[in-house]
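Numbering (the numbering used here), first residue to last: 5 to 272.
All residues carry an ideal CB built from backbone N, CA and C; glycine is no exception.
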């Protein structure tokens, strides 16, 4: 087998694996309502596979440096979420999602111009989330209507994440860790939910999923910081495992805390 054919087949396998993660998580999101859906959506189901595949091709220093660029991009994602949530209350998909993605691209383009430190990335996240979480709170409580799936849903989501993985993996060698870290954090799951759910159930219910994701996304930012520290000190495999464990533990804590509050309210 030629080297080029081997690369193409391996790339296709990576794309298929990543797509399967995102499609599964998206289906769970639709069936679980905005709260559970938001917790699933903020797991590393898109960025995770991208980073795993980067770790297969590059050393731990590359992964640690990429995570430093990914950390401020997480702050850009919560701004994307706020932009969409506010606009989706009264506007159509094109205006709401288009404006949100445009905001993310502008912020990500600015972020990639700088060499980020861990402290600077954490500060940017704290400021962004400190502003956005209170603003998103009023949009969280909307009943999720029944979603009727269409034939193109799964292929559409699969193609989005597969394309992202292909871009990250195939360009990482020449764009370097900084740009790879930015691209890997593109919010594929949020974008697919906007595009698919908004035309069917309307802006406010779709926005509720993103609004409920704010706290989960904050934990995702912490997981990126843990990934950087873990990869820099213990290697890529341990760093990735530590980042994933942080994300899961954070989201499980959010779920348990929400469940405890609901039980207390029901008992009172």
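Among 145, 143, 83, 96, nearest to residue 133 - alpha-carbon criterion: Translated into the one-based positions of the chain shown, residue 133 becomes position 129. Here the closest residue by C-alpha is 83.
On the premise that residue 67 lies in contact with residue 75, defined as a C-beta separation below 8 Å, what is that separation, rounded to the nearest angstrom? Within the chain shown, the letter at position 71 stands for residue 75. Within the chain shown, the letter at position 63 stands for residue 67. 13 Å between Cβ atoms; not a contact.
Residue 72: which of 85, 123, 43 sits nearest, CA to CA? Numbered from 1 along the chain shown, position 68 holds the residue referred to as residue 72. When each option's Cα is compared against that of residue 72, the closest is 123.
If we ignore side chains and look at the alpha-carbon of each, how far apart do residue 11 and residue 208 end up? For the purposes of this step, residue 11 is taken as residue 7 along the chain shown, with counting starting at 1. For the purposes of this step, residue 208 is taken as residue 204 along the chain shown, with counting starting at 1. Residue placement at residue 11 is poorly supported in this model, since its pLDDT is 44, which falls under 50; the coordinates still yield a value, given next. Cα-Cα distance, rounded: 43 Å.
In or out: residue 94 buried (at least 16 other Cβ within 10 Å) or exposed? Here residue 94 refers to the residue found at position 90 of the chain shown. So residue 94 counts as exposed.
Comparing alpha-carbon positions, which option in 250, 146, 48, 199 lies nearest residue 105? In the chain shown, the residue the question calls residue 105 occupies position 101. Among 250, 146, 48, 199, the Cα nearest to that of residue 105 belongs to 199.
Touching or not, the region 219-235 and the region 48-64, by the rule of three or more beta carbon pairs under 8 Å? yes
If you count every other CB in all the chains shown that lies within 10 Å of the CB of residue 60, and 16 or more means buried, which is it? Residue 60 sits at position 56 when you count from the first residue of the chain shown. Looking at its Cβ environment, which holds fewer than 16 other Cβ atoms inside 10 Å, residue 60 is exposed.
Report the rounded CA-to-CA distance for residue 117 versus residue 266, giving the unit in angstroms. Here residue 117 refers to the residue found at position 113 when the chain shown is read from its first residue. Here residue 266 refers to the residue found at position 262 when the chain shown is read from its first residue. One C-alpha to the other measures close to 45 Å.
Quick check: the Cα distance between residue 64 and residue 86, rounded to an integer number of angstroms? Within the chain shown, residue 64 is the residue found at index 60, counting from 1. Within the chain shown, residue 86 is the residue found at index 82, counting from 1. Rounded to whole angstroms, residue 64 to residue 86 spans 33 Å at the Cα level.
Under 8 Å between C-beta atoms of residue 259 and residue 137: Here residue 259 is taken as the residue at index 255 of the chain shown, counted from 1. Here residue 137 is taken as the residue at index 133 of the chain shown, counted from 1. Taking 8 Å as the Cβ cut-off, residue 259 and residue 137 do not qualify as a contacting pair.
Sub-8 Å separation of residue 92 and residue 211 beta-carbons: In the chain shown, the residue the question calls residue 92 occupies position 88. In the chain shown, the residue the question calls residue 211 occupies position 207. Yes.
Nonlocal neighbours in the same chain, by C-beta distance under 7 Å from residue 228, ignoring five residues either side: Locating residue 228 in the chain shown gives position 224, counting from the first residue. Within the same chain, residue 228 has close Cβ partners 71, 74, 75, 78, 247.
Which complete alpha helix (DSSP H) runs does the region 46-120 hold, if anything under 4 residues is left out? 51-61, 64-92, 97-115
According to the Cβ coordinates, are residue 186 and residue 109 closer than 8 Å? Residue numbering aside, residue 186 sits at position 182 when the chain shown is read from its first letter. Residue numbering aside, residue 109 sits at position 105 when the chain shown is read from its first letter. Cβ distance not < 8 Å, so residue 186 and residue 109 don't count as in contact.
DSSP-derived helix/strand/coil call for residue 266: Here residue 266 refers to the residue found at position 262 of the chain shown. The answer is helix: DSSP assigns residue 266 an H, G or I state.
Quick check: what's the CA-CA separation for residue 182 versus residue 112? Translated into the one-based positions of the chain shown, residue 182 becomes position 178. Translated into the one-based positions of the chain shown, residue 112 becomes position 108. Distance between the alpha carbons of residue 182 and residue 112: 11 Å.
Please report the straight-line C-alpha distance between residue 9 and residue 100, rounded to a whole angstrom. As a working mapping, residue 9 is identified with position 5 in the chain shown. As a working mapping, residue 100 is identified with position 96 in the chain shown. For residue 9, the predicted model reports a pLDDT of 49, less than 50, meaning its position is unreliable; a value from the coordinates is still stated below. Computed Cα separation, rounded: 41 Å.
Measure how close the beta-carbons of residue 55 and residue 188 come, nearest whole angstrom, since I'm counting them as under 8 Å. Looking up residue 55 in the chain shown gives position 51. Looking up residue 188 in the chain shown gives position 184. The beta carbons of residue 55 and residue 188 sit about 6 Å from each other, so the pair counts as a contact at 8 Å.
Rounded to the nearest angstrom, what separates residue 191 and residue 44 at their Cα positions? Counting from one through the chain shown, the residue named residue 191 turns up at place 187. Counting from one through the chain shown, the residue named residue 44 turns up at place 40. Residue 191 and residue 44 have their C-alpha atoms spaced approximately 13 Å apart.
Taking all protein chains shown into account, do 16 or more other C-beta atoms lie within 10 angstroms of the C-beta of residue 194, making it buried, or fewer, making it exposed? Mapped onto the chain shown, residue 194 falls at position 190. With 16 or more other Cβ atoms within 10 Å, it is buried.
Are residue 243 and residue 235 closer than 8 Å when you measure CB to CB? What you label residue 243 is simply residue 239 of the chain shown in a count that begins at 1. What you label residue 235 is simply residue 231 of the chain shown in a count that begins at 1. Yes, they are a contact pair.
Taking 8 Å as the limit between beta carbons, can you name the residues of its chain near residue 121, skipping five residues before and five after? Here residue 121 corresponds to residue number 117 of the chain shown, with the count starting at 1. Counting only Cβ-Cβ distances below 8 Å, and skipping sequence neighbours, we find 72.
Could you name each continuous beta strand (DSSP E) segment of 3 residues or more that falls completely within the region 188-272, going from the start of the chain to the end? none
Less than 8 Å between the beta carbons of residue 97 and residue 232, yes or no? Indexing the chain shown from 1 puts residue 97 at position 93. Indexing the chain shown from 1 puts residue 232 at position 228. Their beta carbons are not under 8 Å apart, which means residue 97 does not touch residue 232 by this criterion.
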